[in-house]
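Worksheet: one structure, shown below.
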Amino acid sequence: MLKRTLALTSALVLSLTALASQAADVLRVSAIPDEAPTELLRKFQPLGAYLEQELGMKVEFVPVADYPAVVEALATDRLDMAWLGGFTFVQVYLKTGNAIPLVQREQDAEFISNFITANPEVNSLADLKGKTFAFGSISSTSGSLMPRYFMLQDGIQPESFFSRIGYSGAHDATAAWVQAGRVDAGVLNASVWDKLVANDKVDTSKVRVFATTPTYYDYNWTVRGTLDPALAGKIKQAFLALDPANPAHKEILDLQAASRFIETEPANYKGIEEAARAADLLK
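Structural data, given as structure tokens:
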């Protein structure tokens, strides 16, 4: 009986070791769902192939249902790396104390949000008093938190200023709501707006930008704090090595709406944390 128990225990240990080894050979990557799932996957595929080549391991994209799901999965080590907005990074960092922001796009150091409308009566935020308005996801840095923060700074309390507020869930959805007349105006990530315009996904004869926010830090690629430091270093170097002069690299950078990637650090997102506390989104 003792021999049988020992054999079963050994088999269990070997099985768990094999599973751990298998998991270690796969880099599990995700992103906040700020665009349609098909678009997120399209943007990631060339980057994933590049990382597989540079790291010598399988890279798997893991879709998630919403912003909180990314935070929870990264905080509980069910993801190894994720593309986060500034606010979701702050949430992960406060939850774990050790999440590591590796890189950001060059423009993420001075990011902005665009206020858009299809209503000819609207030419400024003041013109929106008593009208309807759309944010993106409530957890979105560029689609909710920072626009709200700057409005509060200007004395605009959204819940009393607008007649109705909606949350579209994603930047492209906000643009679609505004174009369809579901709301008088909305706010979205400036980078996504530029992409929608470039790809003729929005009718600029109807929808226009009428205001922008001040600049702030936003997106980054973050790894869980328990990831092997050597692997984290290799991932960072792979991003920093992306060169727009290389056609294959340029395809990856273009899909990421990046001119290049640069290093970042937790201190860059203190302003986001302060804005979230001012908007009563962090306790």
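As numbered in mature numbering (1 follows the signal peptide of the UniProt record, and there is no 0), residues -23 to -1, 1 to 260 make up the sequence shown, in order.
Beta carbons are placed, not taken as given, at the ideal position from N, Cα and C, and that holds for glycine.
Quantities reported herein were computed from a predicted structural model and do not represent experimental measurements.
Secondary structure note for Ala111: its beta strand (DSSP E) is the uninterrupted segment 109 to 112.
Residue environment for Lys20: buried (at least 16 other C-beta atoms within 10 angstroms of its C-beta). Boundaries for Lys106: no beta strand (DSSP E) harbours it, and the DSSP string shows neither H nor E there. Rounded to the nearest angstrom, the Cβ distance from Asp180 to Gln156 is 6 Å, consistent with a contact under 8 Å.
Per DSSP, Glu83 lies in no alpha helix (DSSP H) segment and is marked neither H nor E. The beta carbon of Met123 lies closer than 7 Å to those of Ser90, Thr190, Tyr193, Ala252 in the same chain, with the five residues before and after it left out. The closest CA to that of Leu173, considering only Ala150, Asp195, Ala162, is found on Ala150. Annotated three-state conformation of Ser117 is coil, per DSSP. In this structure, the straight-line span from the alpha carbon of Gln68 to that of Gly146 is close to 18 Å. DSSP links Ile239 through a beta bridge to Gln81. Residue state for Ser182 is assigned as coil, using DSSP reduced to three classes.
In its chain, beyond the 5 residues on either side, Thr94, Asn96, Val99, Leu105, Lys108, Thr109, Phe110 have a beta carbon closer than 7 Å to the beta carbon of Asp161. Judged by DSSP secondary structure, Ile89 falls outside any beta strand (DSSP E); it is assigned neither H nor E.
A residue is called buried when at least 16 other Cβ atoms come within 10 angstroms of its Cβ; Arg5 meets this threshold and is buried. Sixteen is the threshold: since fewer than 16 other Cβ atoms of the shown chains lie within 10 Å of the Cβ of Asp177, the residue is exposed.
Cβ contact annotation for Asp57 (same chain, cutoff 7 Å, sequence separation greater than five): Leu4, Arg5, Val6, Val200, Arg201, Leu204, in chain order. Across the structure, Glu136 and Gly210 are spaced so that their CA atoms are roughly 44 Å apart. Distance from the Cα of Arg82 is smallest, within the candidate group Ala255, Ile249, Leu258, Ile239, for Ile239. DSSP, reduced to helix, strand and coil, places Leu204 outside both helices and strands of the structure shown, so it counts as coil.
Here Val164 carries a strand assignment [DSSP, helix/strand/coil]. No Cβ-Cβ contact shorter than 8 Å links Ser114 with Asp195. Short of 8 Å from the beta carbon of Asp54, and not among the five residues preceding or following it, lie these beta carbons of its own chain, in chain order: Arg201, Thr203.
In this structure, the straight-line span from the alpha carbon of Leu165 to that of Ala218 is close to 30 Å.
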